[in-house]
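K.L.:
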Amino acid sequence: MTHDHSSCCGGHGHHHDHSHGDGATGAADLSGPAESPIVVEVTRGGMVESVHRARACIVDAGGRVLARWGDIDAPVYPRSAIKALQAVPLVESGALDAFGLGDAELALACSSHNGEPVHTERVAAWIARVGLTVDDFECGAQIPYDAETAAALIRDGVAPSAVHNNCSGKHAGFLTTARHRGEPTRGYVRFDHPVQQRILGVMEQMTGQDLSRAPWGVDGCSIPTIGVPLGAVAYAMARIADPVDLPDARADAVTRIAKAWRAHPHLIAGRNRFDTAMMQASDGLVLVKGGAEGVGCAVLPESGIGIALKIEDGGDRAREVALAALIRSTKVLSDAQWARAATLLEAPLTSRVGQPVGVVRAAGGWLVGS
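Once you know that position 183 of the sequence shown is 205 in our numbering, the rest is easy, because the numbers rise by one and skip nothing.
(1) For W238 and W360, what's the separation of their Cα atoms in angstroms?
(2) Taking 8 Å as the threshold, find out whether the region 302 to 315 comes into contact with the region 339 to 353 through three or more Cβ pairs.
(3) What would DSSP say about H286, mapped onto helix, strand or coil?
(4) Go to K105, then tell me how far its alpha helix (DSSP H) extends in each direction, as first and last residue.
(5) List the DSSP bridge partners of E368.
(6) DSSP state of T47, grouped into three classes?
(7) How would you label L130, buried or exposed, when you count the other beta carbons within 10 angstroms and need 16 or more for buried?
(8) Quick check for students: name the residue ranges of the beta strand (DSSP E) that lie wholly in the region 302 to 383, counting only runs of 3 or more.
(9) Determine the DSSP secondary structure at R90, reduced to helix, strand or coil.
(10) Taking the C-alpha atoms as reference points, what is the distance between A83 and A181?
(11) Roughly how far, in whole angstroms, is the beta-carbon of A258 from the beta-carbon of L128, given that I think they are within contact range, below 8 Å?
(12) Below 9 Å between beta carbons: does that hold for A363 and A299?
(13) By DSSP, does T155 sit in helix, in strand, or in coil?
(14) Using 8 Å as the cut-off, classify the Cβ of L309 as near or not near the heavy atoms of the ligand ADP, replying yes or no.
(15) If we ignore side chains and look at the alpha-carbon of each, how far apart do Q377 and V62 end up?
(16) Three-state secondary structure (DSSP) at S53?
(17) Helix or strand or just coil, what does DSSP make of V145?
(18) Could you spell out the range, first to last residue, of the alpha helix (DSSP H) harbouring P216?
(19) I need the straight-line Cα distance from H288 to R295, nearest angstrom please.
(20) Is R261 helix, strand or coil when you go by DSSP?
(21) CA-CA distance, W388 and R77?
(22) Helix, strand or coil for A236? Go by DSSP, reduced to three states.
(23) Just how far apart, CA to CA, sit F121 and D158?
Shown next as structure tokens:
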């Protein structure tokens with residue numbers, strides 16, 4: 023179905039009366055709009071035990087909203103789901119090429135990685151190449167998402183460092199751009215630092231929004247996260263999928279980013295992670311990226327469309343199943359590809375001893391054919 027997109031995907035008329043001088047915003051209604059449908063249900067035995075509501079939309083590169091659920095004009099914090107946008111200046115500034123970096127580093131700049139050695143060793147080598155060290159990261163130390171890697175650190179008595187932070191690749195990109203442009207590396211996470219202001223400009227241009235009065239907060243890795251209408255986030259993803267209307271330099275940058283994203287699904291997340299499994303199953307026809315608090319995005323280059331999703335209660339388990347259902351509704355993947363991604367559409371629940379006890383699945387009725 024087609025809907026008027028003027029209020030979410032184009033122009034600069036979407037304002038919210040929030041001060042962002044110190045990162046504070048006005049009180050938000052976290053209950054979600056009444057029309058947000060139940061998109062995921064969690065069963066245990068013969069009963070639906072829990073449900074999750076969401077807002078979502080599918081948008082093409084012309085800004086047309088092809089499908090929508092809930093209020094897509096209200097802002098969301100996209101969190102890590104838009105790391106591909108945050109990586110644009112790394113390419114556009116010439117920093118990536120100036121330091122002899124390639125697709126692997128560009129994928130890591132877009133990643134929320136597991137902290138496996140394949141991730142951390144590459145990030146450490148990258149930051150050394152630009153003449154910096156782990157001490158220059160301002161994202162903070164984090165225990166690796168990957169259980170095997172975390173257990174190995176504990177066994178070896180090694181404390182996790184900032185390279186284990188799931189956002190360390192993104193921060194390496196920020197520092198690389200700052201070094202290339204001769205900007206201070208200290209304080210690169212601050213809202214007013216040139217690195218973050220450059221990213222804000224990219225976000226405005228890619229989403230078609232004036233974000234000068236947008237709400238903002240501080241993300242888990244210490245950088246600003248900007249409130250953007252959900253429909254405009256999907257529009258930005260669609261413009262990565264089909265950059266035909268972008269200026270040449272921007273089109274080249276997002277094309278290179280999409281190529282790296284597609285080529286290195288394991289670097290984007292890692293083993294036992296939804297994003298990596300979904301991209302591997304799709305043979306590169308779908309690029310996906312999750313973010314905290316139930317945000318997810320997808321780029322479908324063959325179809326020239328973008329998807330954005332916000333689970334109202336912030337649940338990751340719902341985001342993954344709902345995003346898979348939205349991708350399936352586009353019919354871009356074959357039955358054989360979905361057969362490899364069966365557990366992404368319906369995730370099993372098990373007891374501590376491994377006994378199947380229920381499922382996390384898409385709720386009936388909100389998607390055509392569901």
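Glycine included, each C-beta is placed from N, C-alpha and C at the ideal position.
Just so you know, these numbers come straight off a predicted model, no measurement behind them.
P.N.:
Looking at the atomic coordinates:
(1) About 37 Å.
(2) As far as the Cβ criterion goes, the region 302 to 315 touches the region 339 to 353, which means the pair count is three or higher.
(3) Here H286 sits in coil by DSSP.
(4) For K105, the enclosing alpha helix (DSSP H) has its first and last residue at K105 to Q108.
(5) In DSSP, E368 forms a bridge with R383.
(6) Reliability of the predicted coordinates at T47 is poor, the pLDDT of 37 falling under 50, and the value obtained from them is presented with this limitation in mind. Secondary structure of T47 (DSSP, three-state): coil.
(7) L130 is classed as buried because its beta carbon has at least 16 other beta carbons within 10 Å across all chains shown.
(8) The qualifying runs are 309 to 313, 317 to 322, 327 to 333 and 368 to 372.
(9) If DSSP states are grouped into helix, strand and coil, R90 belongs with the strands.
(10) A straight line joining the alpha-carbon of A83 with that of A181 spans about 45 Å.
(11) Incorrect: roughly 18 Å between the Cβ atoms, too far for contact.
(12) In this structure, A299 lies closer than 9 Å to A363 by Cβ.
(13) When DSSP states are grouped into helix, strand and coil, T155 belongs to the coil group.
(14) Among the components modelled here there is no ligand, and therefore nothing to report on the ligand ADP.
(15) Spanning the two alpha carbons is a distance of roughly 22 Å.
(16) Residue placement at S53 cannot be trusted, given a pLDDT of 43 that sits under 50; the coordinates are not used to answer.
(17) Three-state result, V145: helix.
(18) In the DSSP assignment, P216 falls within the alpha helix (DSSP H) that extends over P216 to T229.
(19) Between H288 and R295, the C-alpha separation is close to 9 Å.
(20) The answer is helix: DSSP assigns R261 an H, G or I state.
(21) If I take the Cα positions, the gap works out to 11 Å.
(22) Residue state, collapsed to three classes: coil.
(23) Going by the C-alpha atoms only, they are around 17 Å apart.
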